[in-house]
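Residue numbering for the sequence shown follows this note's numbering, beginning at 1054 and increasing consecutively.
First up is the structure itself, then whatever we jot down about it.
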Amino acid sequence: MTSANPPKLPFRILRWFCKPWYAEVIEGDLLELYHRQVATHPTKARLAAYMNVIRFFRWRYIKDLEDFQPNTPFGMFKTYFKVTMRSMGKNKVQTTLNILGLSMAIAACLLILIHIKYQFAFDKHLPQLENIYRVTLNERGGNTPALLVKQMQADYPEVLNGTRISGPLESVISLQGRYIRQGGGIYADSTFFDLFPATFLAGRSGQVLSGPRDVVLTKRVSDKLFPNGEVVGEEINVDGDDYRITAVIENPPATSSIPYEFILSMPRESWVTNGWWTGNNFYSYLLVDPNANIDQLEGKFPDFVQRYIGPEILGFYDAYATLEDYFAEGHQYSFGLVPMKDIHLHHPRLSLGTGADYQSILTFGGVAVFILLIACINYVNMATARSSLRAKEIGMRKVMGSVKSLIAQQFLLESFVITFIAMVAGLVLALVCLPYFNQVSLGSYGILDIVNLQNALWFFLILIATSLLSGIYPALYLASFRPIAALKGETVKGGGSRMRSGLVIFQFSISLLLMVGTYIVYQQISLMSNRKLGLATEQTYVIRDARKIAGDFGAFKNQLLSQATISQVGLANGYPSGGMADWNYTSVDEDQIQLSPNNIFVSSEILEVWGLKLQSGRFFSANLGTDTMNIVVNETLVKTLGWEEPLGKMLGRSEGHFKIIGVVEDFALGSAKSGNAPVVFRYMNDGVFDIFGGDYLMVKIDGNLRDALEHIEATWDRFLPNYPLDGRFMDDSFQALYDGERRFGLLFSGFSVLAIVIASIGLFTLSAFVLERKRKEIAIRKVLGARVGQIFVRIIAYFGRLIIASTFIAVPVAFYLGHDWLDNYEERIDLSSMIFVIPLALLALISLVTVALQTYRMAANNPLDSLKEE
């Protein structure tokens, strides 16, 4: 537009608000004024046009309210809304099914959304999160040497700060004669709060954890121990040691990968302050300069290993002249850095809390999208299924002058209104289901986790996306009807039916994929729950803190065995499902093979208590004091070393050489994800009991469980009055290993069933569409003598072709995804043909029943009613 042409916008605004008989005169005068000014001052003339229009925005010139509506978008919107409400009222069943399917889908999406948001929010509260890194050993290991943090700060200017953590601990706190069992304890350096700040409620951040026996309590623990009164300066006893409370801090957020309830200052013993480089007992965190290149920093670590760790390794292994020779034999010793922000989602093994399974999170995200797509497809099928009932309405509108775009807007608005109602219903449904969702997911989500300003944008996006996904195709499809054909009741053919068939195939594919996935998860969880452990776990009761009765263990054991329901009592410093420490050993032969098996100290009774089976040799004997220098190993260790005759072979450590006197059959060490691993049993006599700690008392029960447990509690109270007993059955601890898988299975199955229910609603409406289109054909066939069964076969054949097509899509995808998920487990099911046949048969059965109900209803009608409609 040249400067001589008047601007369009101000005159358009004038015609919009000004009464017609004034607008024509005013517009003429303003145009004349504009043309006089534009020749000399074009910019001023354009600004004056806007200002002059504004000056005429006076009450006497403004249209009456009713004059605004007929020719304005608001007026059209009001008309469309009335038509939409009238249409919804006429088609109550269709509208109800649409709202029901969409609301269930939206509720599922909202629940999954808050769960995913929670998982992605971990550690986001840390102000320096982007610059905090966890040091790892040999890529996956989380334990590092005691001296590492201090030395890296001294050697590398990129490392600005660092801290060590040890734990978490399950401790017993004693205070004024009370004994309280409290979990969530950690040891930490005084620099802990430099990297992981907290809100101090009492005490000063710069003066905590600096003393040899300092403790910082969270508000939760402080309120438990000291309901009233001053806390700072008080003393408590933690696991036998006295600590001074130096501060009270706010509870850490639930989204922290370092959950804690109290923090103890790092011990001052020599193994902590000096230590040795090959002793890995601490979690190390570094604060790195934001401008540092992490790859270059990690590139310096091999030299770090050469300077500090190398001398200790070479001093221990005489067979290696250099560290290169050590590495050439396949040994590893390398440090790496993992960003703190990636720990919870991508490195759950490094989390001190419960890390997330990133694959499971993506799976739930995909399920949410699939559920929403299924619901949207339902809407599309319902809208097109009822198209013949709207054909005359559309034809009349086009004859009256309405254009395709306005008709499409009408149906898009209808989609938006239905989706909005479904959104409100879905929000209410999500709030109703929230307690059950929390129970299964172990979440603590509340109403404010769903209804908040941050989620408002997500609600809006879901509303718009769902409205468009469900409404765009029906709007274009219905708006494309030709006027004359629409008035005759004819609709668009060809492309529309292919589109519907494609959508149903996609819907069937998703349903079959979810059903196969659910069956795979169910079968794998069943395998893990019923796997052969090689242990007698059901009648084995594990008691913690056996060290507390070290001085009276003989009398304690005899008292327990005095009742016939208890057949044996043993000691151990660990147990299979509770975790064992990895210790380094080297084969004492020409190969000098190094390995890090699970190391556990046990008494001679453990063979019987655990129900282990000897493959060869013997187990420890209480009558042989020399057994402290003997060991018993499992089959996997023998296979790892490649020995055919392991008895008499030697494994070496810094404290000496140990002779293998027996081999036990392999037994489960933990989750099915880990599989079998090498194990070394060391003998625990009275001396070893004091040094390495018989932390667990193993009681073999052979009789009435209630009587045995009452006897155990009474004996414990007699020897340790007021000290809390902490015991559990070993099979319960094994089952607890699979709680995560069970929760995943329940959630996945629940959402899959929901998706299948919504898909069944869609199948119901599609069968109604097919039968509606074929009602005259069915009537004619009935008049000619066709039976209901013959009509049913013809109808079901159509859906059978769609199911077969969806099978070719869903089965390969399900096989790939299922195989990828099962790769996480050492012990896993085989993906046999039945894994796919059973869900496919179930899907076919659901389809058969759904279509049969509709077909029977249509075929049972009087054929004359269908033939006389025209």
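The C-beta atom is built at its ideal place from N, Cα and C for all residues, glycine as well.
Item, Value
"With distance defined between alpha-carbon atoms, name the residue in A1251, N1346, N1687 nearest to Y1313.", "A1251"
"My assumption, with CB atoms under 8 Å, is that G1238 sits in contact with L1222. Please give the rounded CB distance.", "4 Å"
"For the structure I just gave you, are there three or more beta carbon pairs, one from the region 1137-1155 and one from the region 1778-1786, closer than 8 Å?", "no"
"To the nearest whole angstrom, what separates the beta carbons of G1664 and A1589, a pair I think is in contact under 8 Å?", "3 Å"
"Using alpha carbons as the reference points, say which of V1433, L1884, L1758 lies closest to V1866.", "L1884"
"Just to confirm the assignment, what range does the alpha helix (DSSP H) spanning G1607 have?", "1606-1614"
"Counting along the chain, where does the beta strand (DSSP E) carrying T1375 start and finish?", "Here T1375 belongs to no beta strand (DSSP E), and DSSP marks it neither H nor E."
"Tell me, which residues are paired with V1655 by DSSP?", "A1625, Y1736"
"Would you call the CB atoms of G1627 and N1651 closer than 9 Å?", "yes"
"My output table needs one value for V1285: the three-state DSSP class, helix, strand or coil.", "coil"
"Using a Cβ-Cβ cut-off of 8 Å (strictly less than) and excluding sequence neighbours within five positions of L1773, which residues of its own chain qualify?", "K1601, I1602"
"List the residues that DSSP assigns as beta-bridge partners of K1753.", "T1593, Q1621"
"If you draw a straight line from the C-alpha of N1431 to the C-alpha of S1820, how long is it?", "12 Å"
"Less than 8 Å between C-beta atoms, sequence neighbours within five positions excluded: which residues of the same chain meet that for N1434?", "R1553, L1556, V1557, G1815, T1818, L1819, F1822"
"Can you tell me whether D1748 is helix, strand or coil according to DSSP?", "coil"
"Pick helix, strand or coil for A1345, following the three-state DSSP scheme.", "coil"
"Please list the segments of the beta strand (DSSP E) lying wholly inside the region 1168-1223, counting only runs of 3 or more residues, in order along the chain.", "1185-1190"
"What are the boundary residues of the beta strand (DSSP E) that includes M1703?", "1703-1706"
"On the DSSP bridge list, what partners appear for G1389?", "T1189"
"With distances taken Cα to Cα, identify the nearest neighbour of N1757 among Q1592, R1910, I1503, I1857.", "Q1592"
"Using the Cβ count rule (16 or more neighbours within 10 Å means buried), how would you classify M1568?", "buried"
"Just grab the DSSP bridge partners of I1713 for me.", "I1684"
"Assuming G1236 is part of the beta strand (DSSP E), what are its boundary residues?", "1231-1241"
"Which residue from V1341, L1317, Q1090 puts its Cα closest to that of Y1001?", "This structure gives no information on residue 1001, because the portion of the chain shown stretches from 1054 to 1923."
"Straight-line CA distance for N1877 to G1230?", "48 Å"
"Can you pull the DSSP bridge partners for T1639?", "Q1647, G1705"
"What does the alpha-carbon distance come out to for the pair S1562 and Q1349?", "48 Å"
"Any heavy atom of the ligand NAD closer than 8 Å to the Cβ of T1407?", "Although the ligand NAD was asked about, the structure shown includes no ligands whatsoever."
"To the nearest angstrom, how far is the alpha carbon of K1135 from that of L1086?", "45 Å"
"Is DSSP giving N1124 helix, strand or coil here?", "At N1124, the pLDDT of 48 sits below 50, so the modelled position is not reliable; the number obtained from the coordinates is stated separately. Reduced to three states, the DSSP call for N1124 is coil."
"What did DSSP end up calling Y1361 once you bin it into helix, strand or coil?", "helix"
"Label N1775 either buried or exposed according to how many other C-beta atoms from any shown protein chain fall within 10 Å of its C-beta, with 16 as the threshold for buried.", "exposed"
"Out of S1615, L1875, G1842, point me to the one whose CA is closest to D1760's CA.", "S1615"
"Considering only residues of the same chain and omitting the five flanking positions on each side of D1242, which have a CB-CB separation below 6 Å?", "T1216, R1217, M1319"
"By Cβ distance below 8 Å, which residues in the same chain neighbour S1976 in space, the five residues on each side in sequence not counted?", "Past the edges of the chain, shown from 1054 to 1923, lies residue 1976, and the structure says nothing about it."
"Given that a residue counts as buried once 16 or more other Cβ atoms are within 10 Å of its Cβ, and exposed if not, what is F1513?", "exposed"
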